[in-house]
Amino acid sequence: MSGLWRRRQSSRGSESRSRTWNSAWRGDEVERVAVKGSLFVVSAPSGTGKTTLVEALVSRVPSLEMSCSYTSRPPRPGEQDGVDYHFVSRDQFETMRSGGDLLEWAEVFGHLYGTSVVDTRQRLDGGVDLVLVIDVKGAHQVRRLDGTAVSIFVLPPSPEILEMRLRRRSDGHLSEEQVARRLMVARTEVEGMREYDYVVVNDVLETCVEELMSIVMAPRAAQGVAESTATAIAHAFQNTTPRQR
7 MSGLWRRRQS
17 SRGSESRSRT
27 WNSAWRGDEV
37 ERVAVKGSLF
47 VVSAPSGTGK
57 TTLVEALVSR
67 VPSLEMSCSY
77 TSRPPRPGEQ
87 DGVDYHFVSR
97 DQFETMRSGG
107 DLLEWAEVFG
117 HLYGTSVVDT
127 RQRLDGGVDL
137 VLVIDVKGAH
147 QVRRLDGTAV
157 SIFVLPPSPE
167 ILEMRLRRRS
177 DGHLSEEQVA
187 RRLMVARTEV
197 EGMREYDYVV
207 VNDVLETCVE
217 ELMSIVMAPR
227 AAQGVAESTA
237 TAIAHAFQNT
247 TPRQR
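The sequence shown lines up with residues 7 to 251 when you count with our numbering.
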């Protein structure tokens, strides 16, 4: 099973394009200025494989990066500070939160996760397209603050496959109670998928990555069309001689 669904319609297309580039007259040209990146939000139940998907996605799309979140949880085997997450103490995280340093934050299974406001702004202002891999609560905060963010929800093929993936990923470190809790939370998260712009199913990894690529490339295509159209119109005006009446 695979599929890419557009969940809801909005006027974000024109809004996103206007945020992405602005035009200014320079002699006989229309010059693009103030280029900004696009913001994407990816959410999924624990164990769906969202991080693996996004890592594959950013490896294939130039100028697309994955945000590095802050978390109070300890590193898992193989994780690197500043690469997988910024690992901080709970007190440090609370200081960031109370100081307004976080774009979004949420507590997930007893650990705190959040995204830096400054880092996000700097990368978007630098023209980088940025992907936030965050939970449903964090995604809701981002959508409320930034109406141009494109949100994507990743579904597992079935509850049974999600349970299998959870057990395989934990390698026996999750108790039966913890597995059951994650599945219960997943059910609640799936109920909120209709709030997202897109829904994809992570059944076949390659297919799902291609579907994500089509989503993140759409704003770039729209930007290119809008810019080329504006340039053509500008040249047409310059090459037209006013009629004498």
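From the three backbone atoms N, C-alpha and C, an ideal C-beta is built for every residue, glycine too.
- Here glutamate 113 carries a strand assignment [DSSP, helix/strand/coil].
- Between the alpha carbons of phenylalanine 159 and alanine 186 lies a gap of roughly 21 Å.
- Cβ neighbours of valine 67 within its own chain (closer than 8 Å, five residues either side excluded): Asp135, Met219, Val222, Met223.
- Secondary structure of serine 220 (DSSP, three-state): helix.
- Residue state for glutamate 85 is assigned as coil, using DSSP reduced to three classes.
- Per DSSP, serine 104 is one residue of the alpha helix (DSSP H) stretching across 96 to 104.
- DSSP, reduced to helix, strand and coil, places aspartate 141 outside both helices and strands of the structure shown, so it counts as coil.
- Taking 8 Å as the cut-off, the Cβ atoms of leucine 172 and leucine 161 do not count as close.
- Excluding the 5 residues flanking it on each side, cysteine 214 has same chain C-beta neighbours closer than 8 Å at Ser8, Leu59, Val160, Val206, Val207, Asn208, in chain order.
- Judged by beta-carbon spacing, phenylalanine 46 lies beyond the 8 Å limit of tyrosine 76, meaning their Cβ atoms are not closer than that value.
- Of the residues assessed, leucine 151 falls on the exposed side of the cut-off, its CB having fewer than 16 other CB atoms within 10 angstroms.
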